[in-house]
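Right, one structure below, let's go through it.
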Amino acid sequence: MIKQNRLVYLTLLASIVISVFPLYWMFVIATRTNDVVGQYPPPMTPGGELGANVTRLFEAEQANFALGMVNSAIASVAVTVSVVFFCSLAGFAFAKLRFRGRNALLVIILATMMIPVQMGVIPLYMIMVKLGWQNTLQAVIVPFMVSAFGVFMMRQYAVRAVPDELIEAATVDGGSSFRIYWSVVLPALRPGVAVLALFTFMGTWNEFIWPRAVLEADNPTVQFSLSQLATQYYTDYTLMFAGTLVATLPLLAVFVVFGRQIIGGIMEGAVKA
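Using the working numbering, the first residue of the sequence shown is number 232, and each one after it goes up by one.
Here you go:
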């Protein structure tokens, strides 16, 4: 038994090291100068150039990194709030309300998940052109305000987390469907909502293909800005790693904020299973 516990702890420790090392390496290079990037053996301890590299990052005119951070923050927050609201509302409807065509609509929503995102870039871009939304933030926000995965996830969570008796009691008390959703269902879905919010925020923050297609260099998102740091003839690795480090900080902050709810949701799902 003791040997099994040691093996489990060693396996977990190895997994943690493998997962954390790329982040640590990113931090090390971000604190160094370019002359040590190709050294062998590579440096394993942080240097003292982080402040200088971050300063150069925000002063790089070709990247517009500060604007990219602001645009990504606005788009990620807007998309996350919208997805959480609409998907939890739709998930509640599909899970607890009875209406004609419910199953057919759910199948259609699930079928959209089978279409690769890349196939929709060209027609979606044509729609943005017709609307005159090129190089605007609404082109990054509006097409992703609802997620098929989010609807399915909230529907599955609502089936388990919200008892039918609770809905019936609220209906008898005279509550409307939206009132029941807002006051009864949404609080019960809070752990699942936290998980969906984290996934949505991370996905929107890390999105590159669509912002690169619909935006321009003078109005980028953060991932677009990072791509602008690499020029055709020269790559400043310390600048790119510094930018990646700064761009990762908001994701870590969001994970810290939602971490307790995520763990609670996982444990609750494990107990119910």
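Glycine residues also receive a C-beta, built at the ideal position from the N, C-alpha and C atoms.
Check whether ASN284 and ALA473 have beta carbons under 9 Å apart: yes
Chain D contact for VAL352 (CB, 9 Å cutoff): The displayed structure is made up of one protein chain only, and chain D is not part of it.
Reduced DSSP secondary structure (H/G/I, E/B, other) of THR262: coil
Buried or exposed (CB count within 10 angstroms, at least 16 for buried), PHE455: buried
CB of LEU397 within 9 Å of CB of ALA419, strictly: Against a cut-off of 9 Å, the Cβ pair of ALA419 and LEU397 comes out as a contact.
Candidates VAL315, THR431, ILE260, VAL373, of which the one nearest MET275 by Cα: ILE260
Residue from VAL485, GLN387, PRO442 with nearest C-alpha to ALA428: VAL485
Nearest-angstrom Cβ-Cβ length linking THR452 and ALA309, presumed shorter than 8 Å: About 12 Å separates the two Cβ atoms, so there is no contact after all.
Test item: CB-CB of TYR412 and LEU320 under 9 Å: Result yes, Cβ atoms of TYR412 and LEU320 sit closer than 9 Å.
Outcome for LYS327 when other beta-carbon atoms lying within 10 angstroms are tallied against a minimum of 16: buried
Nonlocal neighbours in the same chain, by C-beta distance under 6 Å from MET376, ignoring five residues either side: Excluding sequence positions up to five before and after MET376, its CB lies within less than 6 Å of the CB of SER313, all in the same chain and listed in chain order.
Nearest-angstrom Cβ-Cβ length linking ASN450 and LEU298, presumed shorter than 8 Å: 7 Å
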